[in-house]
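Structure first, then comments.
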Amino acid sequence: GGAATLAPAGAGWRLSVAGGGLPKVDAVISRVALTTDGATASGRIKAALSIGPIEQGTFDASGALRLAGRTLSFTGDRCALVSAKRLNFGANDARDFANRLCPAGGPLLSIGGGDWRILGRAENTSAEVPFLQAKVAKGAGLMDLASHGGELQAKMTVTGAEVTDAAPQTRFNPVGLSGQMQLARNRWTGKLGVREGAGRPLATIALQHEMLSGRGRADVETGTLTFAPGGLQPAALSPLAASIGSPAEGQARFTGGFAWTPQTQSSSGVLEVPRLDFLSPGGKVAGLSGKVAFSSLAPLVAPPGQALKVAQIASPLGAITDGRVVFGLQPDALRVTDGEAAIGGGLIRIVSLLTPLDPKQPIRGVVELDGMQLHDLVEASPFGDKVDLTAKVSGRVPFTLDGDKVRIEGGSLHAVEPGRLSIQRSALGAVDAKGSVETTGVPKEVQPEASTDTFSDFAYQAMENLAFSTLSAEVNSRPDGRLAVLFHIVGRHDPPQRQVIRLSLLDLIQKKFLNRQLPLPSGTGVNLTLDTTLNLDDLLSDYAEFRRLHGSAKVQP
Numbered sequence: 004g005g006a007a008t009l010a011p012a013g014a015g016w017r018l019s020v021a022g023g024g025l026p027k028v029d030a031v032i033s034r035v036a037l038t039t040d041g042a043t044a045s046g047r048i049k050a051a052l053s054i055g056p057i058e059q060g061t062f063d064a065s066g067a068l069r070l071a072g073r074t075l076s077f078t079g080d081r082c083a084l085v086s087a088k089r090l091n092f093g094a095n096d097a098r099d100f101a102n103r104l105c106p107a108g109g110p111l112l113s114i115g116g117g118d119w120r121i122l123g124r125a126e127n128t129s130a131e132v133p134f135l136q137a138k139v140a141k142g143a144g145l146m147d148l149a150s151h152g153g154e155l156q157a158k159m160t161v162t163g164a165e166v167t168d169a170a171p172q173t174r175f176n177p178v179g180l181s182g183q184m185q186l187a188r189n190r191w192t193g194k195l196g197v198r199e200g201a202g203r204p205l206a207t208i209a210l211q212h213e214m215l216s217g218r219g220r221a222d223v224e225t226g227t228l229t230f231a232p233g234g235l236q237p238a239a240l241s242p243l244a245a246s247i248g249s250p251a252e253g254q255a256r257f258t259g260g261f262a263w264t265p266q267t268q269s270s271s272g273v274l275e276v277p278r279l280d281f282l283s284p285g286g287k288v289a290g291l292s293g294k295v296a297f298s299s300l301a302p303l304v305a306p307p308g309q310a311l312k313v314a315q316i317a318s319p320l321g322a323i324t325d326g327r328v329v330f331g332l333q334p335d336a337l338r339v340t341d342g343e344a345a346i347g348g349g350l351i352r353i354v355s356l357l358t359p360l361d362p363k364q365p366i367r368g369v370v371e372l373d374g375m376q377l378h379d380l381v382e383a384s385p386f387g388d389k390v391d392l393t394a395k396v397s398g399r400v401p402f403t404l405d406g407d408k409v410r411i412e413g414g415s416l417h418a419v420e421p422g423r424l425s426i427q428r429s430a431l432g433a434v435d436a437k438g439s440v441e442t443t444g445v446p447k448e449v450q451p452e453a454s455t456d457t458f459s460d461f462a463y464q465a466m467e468n469l470a471f472s473t474l475s476a477e478v479n480s481r482p483d484g485r486l487a488v489l490f491h492i493v494g495r496h497d498p499p500q501r502q503v504i505r506l507s508l509l510d511l512i513q514k515k516f517l518n519r520q521l522p523l524p525s526g527t528g529v530n531l532t533l534d535t536t537l538n539l540d541d542l543l544s545d546y547a548e549f550r551r552l553h554g555s556a557k558v559q560p
């Protein structure tokens, strides 16, 4: 059912082929010359075909076709354009393949004696590789593909290619490839070097593929990567390392790879970090170490139970030491199932933490405090110059981090031992105070007159020197972004020097003491409700700006 038509076209001929399962061909022959041993022809050819693994392939070339003896050769006068919608290798196909095959000092195609050879310089090679979730672009190198005695042979030298991540959540920044591949006895082998953007070596990839079975593998080995100021930095390798700020110092190593059959593909790897020091949004991190085993590299998956440790974090809240975290990584999120660290003489524990890899999605988690001393936290707050709090607390704080906004709902804290609170008057707003005077022969309940504020003054004094036996706090974010903390404190007035009130009976009867300042007696019982708010959004914004200006240096290219 196919048709081939050869017809005059100007000074030459035109060949058209279509139908019947034949390739669609449009060729123009501008000149034909007969020689003693054959013939030569010049022209151009465009072909569209699907054959073997090539689906919807196209070929566009021009040059000279020579028949001499038993050998047919084609020498291009420009780069041939080669493309395919799909290179079908089963579950391991490549898509949108495109390439320029340019002359390399000889015929692009030679056929003779039952053998053939394609020799050319590849330029602008590109393709999508879905099973690796990667794209190849800007490929260049030398291709020598031939069949001798029915056996396929090949030598390919890759002088350069750019590989970019095509996963929904980017795993790695673009890298460069170079190296060689060979085909002999139906077996592909090769070794490629991987370099980062500045040209520093990152890894080697050892390739092997059996043509007959369709089985193969690519083994990746980085060796020991050394991070140093002014040199290689983790953030230059992967967006997943964005929180590892520069300058980072330390070492890491990755081993892993991909394996495939005509029907399946698999991948795995292990990341080892002997030690890494770096700047994080929470402060300088020293001694990060651990091992992460990935069950899949495309997509990136690590089963639950992975563990990392950190020796110390110099946070604004004080030194955080002996940290550990247990987690698993899914294609769309990092899920922390356990973790703890020492801070303020106590522990902070991660009950749960879900961090979506999509930065537009909020981070949600719950932390618990166990015997944590709040003194350094208050000192580091905007109230540090007016409030002094010595309190060892435990509690639970659920939180959501959406961009640069932190929201807390249903947080609660309580003191696990007696402590002290001192608040300067200038840090306080309105005070609603009630008091009583117990005497003999006079009314027990004495309320201040409208023109006096004795009991409010007592309240201020109580908060300046308060020793408490009970402290609890409810922590919640308000709709305007402010963090509201509602304290309930029970204790006693405990000034440095013992205080008493000395009044005459006449003062009590006439209530003259209500219009002047009096010392609040030591040991006076206090039942205090303290409602305070903190503009957490502004504080975090200011801290982020401070880190931007004074924190990590720019990532080295």
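In this note's numbering, the protein residues as written are 4 to 560. Note that the Cβ used here is the ideal one computed from N, Cα and C, for glycine as well.
- Count the other C-beta atoms from every protein chain shown that fall within 10 angstroms of the C-beta of glutamate 412, then say buried if there are 16 or more, exposed otherwise. Exposed: under 16 other Cβ atoms inside 10 Å.
- Query: How long is the line joining the alpha carbons of phenylalanine 490 and leucine 243, rounded to whole angstroms?
  - Reply: Going by C-alpha positions, phenylalanine 490 is about 39 Å away from leucine 243.
- Note down the Cα distance separating leucine 539 from lysine 395, rounded to an integer number of angstroms. Going by the C-alpha atoms only, they are around 22 Å apart.
- Message: Using a Cβ-Cβ cutoff of less than 8 Å, which residues in the same chain neighbour glutamine 59 once the five nearest sequence positions on both sides are dropped?
- Response: Its chain contains Ala51, Ser53, Ala87, Lys88 and Arg89 as the residues whose beta carbon lies nearer than 8 Å to that of glutamine 59, once the 5 sequence neighbours on both sides are disregarded; these appear in chain order.
- For leucine 486, which residues from the same chain have a beta carbon less than 6 Å from its beta carbon, with the 5 sequence-adjacent residues on both sides left out? Ser480, Leu537 and Leu539.
- Per DSSP, cross-strand counterpart(s) of leucine 52: In the DSSP assignment, leucine 52 forms a beta bridge with Gly60.
- Mapping DSSP to helix, strand and coil, what is aspartate 1? No answer is possible for residue 1: it lies beyond the span of the chain, which begins at 4 and ends at 560.
- Task: Rounded to whole angstroms, what's the CA-CA distance from glycine 528 to leucine 392? Just pull it up for me.
- Result: Rounded to whole angstroms, glycine 528 to leucine 392 spans 19 Å at the Cα level.
- Message: Below 8 Å, how does it come out for the region 272–280 and the region 247–261: are there three or more Cβ pairs, yes or no?
- Response: The region 272–280 makes contact with the region 247–261; the number of CB pairs closer than 8 Å reaches 3 or more.
- Message: Just to confirm my understanding: we take leucine 95, look at its own chain, exclude 5 residues before and 5 after, and list those with CB closer than 7 Å. What are they?
- Response: Per the sequence presented here, residue 95 reads as asparagine, with leucine not at that position. Cβ neighbours of asparagine 95 beyond the five flanking positions: Phe134, Trp263 and Gln268.
- Task: For alanine 453, I'd like the list of residues in its chain whose CB is within less than 7 Å of its CB, leaving aside the five on either flank, ordered along the chain.
- Result: In this prediction, alanine 453 has a pLDDT of 40, which is less than 50 and means its spatial position is unreliable; what the coordinates show is noted afterwards. Excluding five sequence positions before and after alanine 453, none of the CB atoms of its chain fall closer than 7 Å to its own CB.
- Message: Measuring only the C-alpha atoms, how far is alanine 462 from glutamate 420?
- Response: Cα to Cα, alanine 462 sits roughly 23 Å from glutamate 420.
- Message: Quick check: the Cα distance between alanine 221 and threonine 192, rounded to an integer number of angstroms?
- Response: Spanning the two alpha carbons is a distance of roughly 10 Å.
- Item | Contiguous beta strand (DSSP E) assignments of at least 3 residues, all confined to the region 45–133 | Here the runs fully enclosed are 57–71, 74–79, 83–90, 97–105, 112–115 and 118–132.
- Task: Compute the beta-carbon to beta-carbon distance between isoleucine 346 and glycine 321, rounded to the nearest angstrom, for a pair I have assumed lies under 8 Å.
- Result: Confirmed, Cβ separation roughly 6 Å.
- Message: Quick check: what's the CA-CA separation for alanine 201 versus glycine 233?
- Response: Their backbone Cα atoms lie some 12 Å apart in a straight line.
- Item | Alpha carbon of glycine 422 to alpha carbon of alanine 465, nearest angstrom | Straight through space, the alpha carbons of alanine 465 and glycine 422 are spaced by roughly 14 Å.
- Message: Rounding to the nearest angstrom, what Cα-Cα distance links aspartate 335 and proline 307 in this structure?
- Response: C-alpha separation (whole angstroms): 14 Å.
- Write down the C-beta distance between glutamate 564 and isoleucine 426 rounded to the nearest angstrom, noting that I regard them as a contact closer than 8 Å. Summary: the structure shown does not reach residue 564, with the chain confined to residues 4 through 560, and so no result is reported for it.
- Return the CA-CA distance between lysine 447 and glutamine 520, expressed in angstroms with no decimal places. With a pLDDT of only 45 at lysine 447, under the threshold of 50, the placement of this residue in the model should not be trusted, and no figure is reported.
- Top-ranked residue by Cα proximity to arginine 198, from Glu213, Cys105, Ala239 and Leu215: Of the listed residues, the one whose Cα sits closest to arginine 198 is Ala239.
- So, is the C-beta of lysine 287 closer than 8 Å to a C-beta in chain B? No chain B is part of this structure, which consists of one protein chain only.
- Item | Bounding residues of the beta strand (DSSP E) (the contiguous stretch that carries glutamine 464) | First-last for glutamine 464: 457–467, but that is the alpha helix (DSSP H), not the beta strand (DSSP E).
- Task: Would you kindly report the start and end of the unbroken alpha helix (DSSP H) that includes aspartate 379?
- Result: Here the alpha helix (DSSP H) through aspartate 379 covers 378–382.
- Taking the runs of the alpha helix (DSSP H) that are 4 residues or longer, which of them lie wholly in the region 245–300? Runs found: none.
- Message: Can you find the residues in the same chain that come closer than 6 Å, C-beta to C-beta, to glycine 15, ignoring five residues on each side of it along the sequence?
- Response: Hits under 6 Å: Ile32 and Ser33.
- Hey, how far is the Cα of alanine 42 from the Cα of glutamate 126? So the alpha carbons of these two residues sit roughly 31 Å apart.
- Query: In chain order, what residues of the same chain lie with their CB nearer than 7 Å to the CB of alanine 187, ignoring the 5 residues before and after it?
  - Reply: Here the set comprises Gln156.
- Query: Which value, in whole angstroms, describes the spacing of the CA atoms of serine 397 and valine 369?
  - Reply: For the pair serine 397 and valine 369, the Cα-to-Cα distance works out to about 13 Å.
- Task: Look at glutamine 172 and leucine 360 and say whether their C-beta atoms are less than 8 Å apart.
- Result: In contact: glutamine 172 and leucine 360 (Cβ atoms closer than 8 Å).
- Message: I need the DSSP call for glutamate 452, collapsed to helix, strand or coil.
- Response: Model confidence at glutamate 452 stands at a pLDDT of 44, short of 50, so the residue's coordinates are unreliable; what they give is reported in the following sentence. The three-state secondary structure of glutamate 452, taken from DSSP, is coil.
- Query: To which residues of the same chain is alanine 418 closer than 6 Å at the C-beta, ignoring the five residues directly before and after it?
  - Reply: Scanning its chain for C-beta atoms nearer than 6 Å, with the 5 sequence neighbours on each side dropped, one finds around alanine 418 the residues Ala394, Val396 and Leu474, in chain order.
- Task: Quick one: residues in its chain with C-beta nearer than 7 Å to the C-beta of leucine 523, no 5 flanking neighbours on either side, listed in chain order?
- Result: Once the five neighbours on either side are set aside, the close Cβ partners of leucine 523 are Phe461, Gln464, Ala465, His496 and Gln502.
- Item | Limits of the beta strand (DSSP E) - the one that aspartate 405 falls within | Aspartate 405 -> beta strand (DSSP E) spans 395–405.
- Task: Could you tell me which residues DSSP pairs with asparagine 530 in its beta bridges?
- Result: Among the bridge pairs identified by DSSP, asparagine 530 is matched with Val493.
- aspartate 222 - partner residues in DSSP beta bridges: Ala209 and Gly260.
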